[in-house]
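Once you know that position 157 of the sequence shown is 164 in the working numbering, the rest is easy, because the numbers rise by one and skip nothing.
Every residue, glycine too, gets a C-beta built ideally from N, C-alpha and C.
All values derive from a computational prediction rather than experimental measurement.
First the structure, in the form of structure tokens, and then the observations on it.
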Amino acid sequence: MMKKIKHIASQEDAIKLLNIALEHEWAVSFEYTIHAYSMPKGKFFYEDPLMKHRTDIRAQTIQIGIDEMYHALQLGIIITQMGGTPSFKTDEVMRYPKIMDNLKRDKMTEDMVTDLYQSAEFREGTFPKIQNMVLNISYDEVRHSQQFEAMMEALRETGNEDALCYQPDPKNKNKEEVQLLHEITHLENELMHRYLKYVLMFSEHQDLSQRLFKNSIDHMRHWDKNSGILIKMGDVIQIENAKKDETGAEKSAAAMPFLYPGEDRLSALKILIPAEKSLIAKYEKLITLVPDGEIKDQLELHLALNKEHVFTQEWLLKNAQKIKGLE
Ligand SMILES: [Fe+2]
Ligand SMILES: [Fe+2]
Ligand SMILES: [Fe+2]
């Protein structure tokens with residue numbers, strides 16, 4: 008269960024609240040995406056309660072995951088500006104065998120975080136902009152909760168309550184290309200969050216942080232696309248460090264790394280280059296293992312963008328080294 012803090016009086020209390028929220032936002036940002044990439048595309052639809060539009064449950068769940076990523080970013084920037092350290096720990100991430108059970112959990116976590124945001128009591132006159140931000144985020148969560156509720160309703164109405172998530176084909180354990188793609192997908196996730204750490208670190212240096220943010224988004228897209236490729240290979244995106252219980256439910260308390268190297272400008276910029284290069288080497292290897300076609304084309308696109316990242320990062324580093332007094 009989520010930690011809680013109710014009374015906010017000091018700067019320290021405020022940072023604590025924001026970090027509790029951040030650990031939640033990290034977790035749901037990929038928990039929802041993982042739930043989405045565990046179900047079929049264009050098969051289950053719901054009527055969106057606000058848009059009054061028939062919408063693919065899977066596509067909308069991914070969209071909600073992206074909203075959560077932006078919440079994490081907003082929280083991380085404010086924590087940094089207040090002199091705090093944004094946490095990269097995450098709340099627990101789970102996946103059940105049934106699509107319905109995942110949606111139930113998604114709605115439950117939305118209601119839980121709405122309560123965290125809305126029940127925080129700030130001492131009068133303290134942190135007005137943070138109070139406002141917390142309320143603004145909380146109404147995104149209210150909307151998400153209504154969407155998940157409508158999705159569950161639609162599954163019940165269409166007799167799909169027991170529809171199952173994709174399960175990995177056991178034969179894939181021995182397929183080098185599938186295992187390598189899992190490894191690459193973990194690395195994409197790691198790099199995406201690592202870039203985000205530096206985006207937060209350099210948030211006052213806007214041009215630099217936006218360049219790093221662009222690369223982070225590319226890695227997020229690759230992670231997302233790779234999850235789709237895994238399905239085409241008869242597999243499914245893994246939850247990092249997850250354990251499966253006897254009912255088939257998977258649970259992880261560390262679904263992404265919570266420590267990333269680089270404590271100042273030069274060390275952060277330097278360390279990204281070998282990380283990108285090692286990812287490139289893995290893509291090059293993988294590309295030799297898959298036949299010509301759609302999957303290979305997609306992987307080549309990821310490889311190409313990662314090569315561009317190396318160019319960008321090498322110049323960001325060299326340019327930073329040229330300027331005296333740049334800390
Ligand atoms: Fe959120
Ligand atoms: Fe949400
Ligand atoms: Fe990259």
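- Of all C-beta pairs linking the segment 272-284 to the segment 122-130, fewer than three are shorter than 8 Å, placing the two stretches out of contact.
- For R130, the closest of Q18, F265, S285, A249 by C-alpha to C-alpha distance is Q18.
- Within the chosen limit of 6 Å, ligand 1 does not reach the beta carbon of H42 with any heavy atom.
- Unbroken beta strand (DSSP E) runs of no fewer than 3 residues, entirely contained in the segment 30-73, are found at 52-54, 61-63, following chain order.
- In this structure, the C-beta of H309 stays at least 6 Å away from each heavy atom of ligand 3.
- Rounded to whole angstroms, P104 and L188 show a C-alpha spacing of 22 Å.
- Rounded to the nearest whole angstrom, the C-alpha separation of I224 and E257 is 27 Å.
- Relative to ligand 2, the beta carbon of H151 is positioned inside 6 Å of a heavy atom.
- Each of E283, N313, H316 has a C-beta closer than 5 Å to some heavy atom of ligand 3; these make up the full list, in chain order.
- Collapsing the DSSP output to three states places I12 in coil.
- By the Cβ test, the segment 311-320 is in contact with the segment 213-230, since at least three Cβ pairs between them sit closer than 8 Å.
- Counting of Cβ neighbours within 10 angstroms places Q245 among the buried residues, the total reaching 16 or more.
- Within the same chain, no residue comes within 6 Å of Q67 by CB-CB distance, once the 5 residues on both sides are set aside.
- Distance between N248 and V35, taken at the CA atoms: about 16 Å.
- Here the distance from the Cβ of E160 to the nearest heavy atom of ligand 2 is not below 6 Å.
- Between P175 and D242, the gap from beta carbon to beta carbon is short of 7 Å.
- Each of K48, I86, L142 was checked against the Cα of S126, and the nearest Cα belongs to L142.
- Each residue's CA atom was taken as its position, placing D271 and S216 some 14 Å apart.
- For the 7 Å CB-CB criterion, I144 and H78 form a contact.
- Burial check for N326: the Cβ neighbour count within 10 Å stays below 16, so the residue is exposed.
- Of all C-beta pairs linking the segment 104-113 to the segment 39-56, three or more are shorter than 8 Å, placing the two stretches in contact.
- By alpha-carbon distance to K239, the top candidate from I64, M158, E32, I302 is I302.
- Secondary structure of L171 (DSSP, three-state): strand.
- Within its own chain, the residues whose Cβ lies closer than 6 Å to the Cβ of I191, once the five positions on either side in sequence are excluded, are K289, listed in chain order.
- Looking at the DSSP output, R130 bridges to nothing.
- Taking 3 residues as the shortest admissible run, the segment 187-241 contains no complete beta strand (DSSP E) segment at all.
- Under DSSP, M101 shares a beta bridge with K258.
- In this model, M9 and L80 are separated by some 19 Å (Cα to Cα).
- For K251, the three-state secondary structure derived from DSSP is strand.
- DSSP, reduced to helix, strand and coil, places G83 within a helical segment of the structure shown.
- Contact between T97 and E30 holds: CB atoms are separated by about 6 Å, below the 8 Å threshold.
- Contact annotation, C172 with S259: C-beta distance approximately 16 Å; criterion of less than 8 Å not satisfied.
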